[in-house]
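Here the sequence shown is numbered in the working numbering, starting from 5 and rising by one per residue. Below you'll find the structure, written out as structure tokens, and then a few comments.
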Amino acid sequence: MLPSTQKLTTLEYDFLIIGYGNELCGDDAVGPWVAMVVAEWHLPAVKSLAVPQLTPELTAELAKTNYVMFVDACGNQGIQTVQIDPIVAYDEQPESMAFAAHSYDPLALLNLTQRLYNHHPQAWLLQIPIESCGLGRQLSSKAHQGCDRALRSIEQFLVTYRQPAPCMKLA
């Protein structure tokens with residue numbers, strides 16, 4: 005059962021990393037793999053989840069954070085390096101918007117979070133270039149390189165967003 009519409013006043017962590025994909029299908033496992041490595045960093049105020057797909061149940065986690073980065077495989081042959089793109093969710097949605105699916109894309113999940121909690125985190129999609137999603141295959145060298153770049157990008161992202169606010173001196 006989904007929670008009733010509410011506004012959370014206390015956030016539990018600053019950053020949420022959600023890596024998603026099928027770990028049984030070769031390079032599609034890059035999202036969960038990256039999320040598991042980030043979890044092993046044991047960083048304060050950072051939560052990292054590895055999931056096979058984005059489901060409505062994740063809205064409860066999204067409502068507890070300021071920032072979220074979704075990590076996924078990208079099979080587009082035009083993509084040769086890791087890409088991080090902002091995801092812009094709607095602050096208000098029409099009542100008629102349907103939310104009946106069992107799996108979502110990041111934007112739909114953010115919109116559902118907004119609808120349920122009147123809040124959604126600032127969000128990005130980190131895409132890792134891949135070669136093949138064959139059942140039972142190991143990660144390709146392209147996927148391994150992408151994972152390494154993705155981890156460096158996430159590390160830099162966390163450093164950038166953890167910068168303290170400038171100190172304002174009173175005269």
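Cβ coordinates follow ideal geometry from the N, Cα and C atoms, glycine included. Just so you know, these numbers come straight off a predicted model, no measurement behind them.
- Boundaries of the alpha helix (DSSP H) around I158: S145 to Y165.
- A residue is called buried when at least 16 other Cβ atoms come within 10 angstroms of its Cβ; H124 meets this threshold and is buried.
- Ranked by Cα distance from V55, the options L113, I83, K146 and I22 are led by I22.
- Here the stretch 60 to 67 makes no contact with the stretch 26 to 35; the two share fewer than three CB pairs at distances below 8 Å.
- A distance of 8 Å or more separates the beta carbons of V86 and G25.
- Counting C-beta atoms within 10 angstroms of its own C-beta, V163 has fewer than 16 neighbours from the protein chains shown and is therefore classed as exposed.
- With a threshold of 16 other beta carbon atoms within 10 Å, G35 meets it and is buried.
- Under the DSSP assignment, G23 falls in the beta strand (DSSP E) whose first and last residues are Y17 to Y24.
- Counting C-beta atoms within 10 angstroms of its own C-beta, A93 has 16 or more neighbours from the protein chains shown and is therefore classed as buried.
- By the C-beta density criterion, A49 is exposed, having fewer than 16 other C-beta atoms within 10 angstroms.
- Contact annotation, V75 with A154: C-beta distance approximately 6 Å; criterion of less than 8 Å satisfied.
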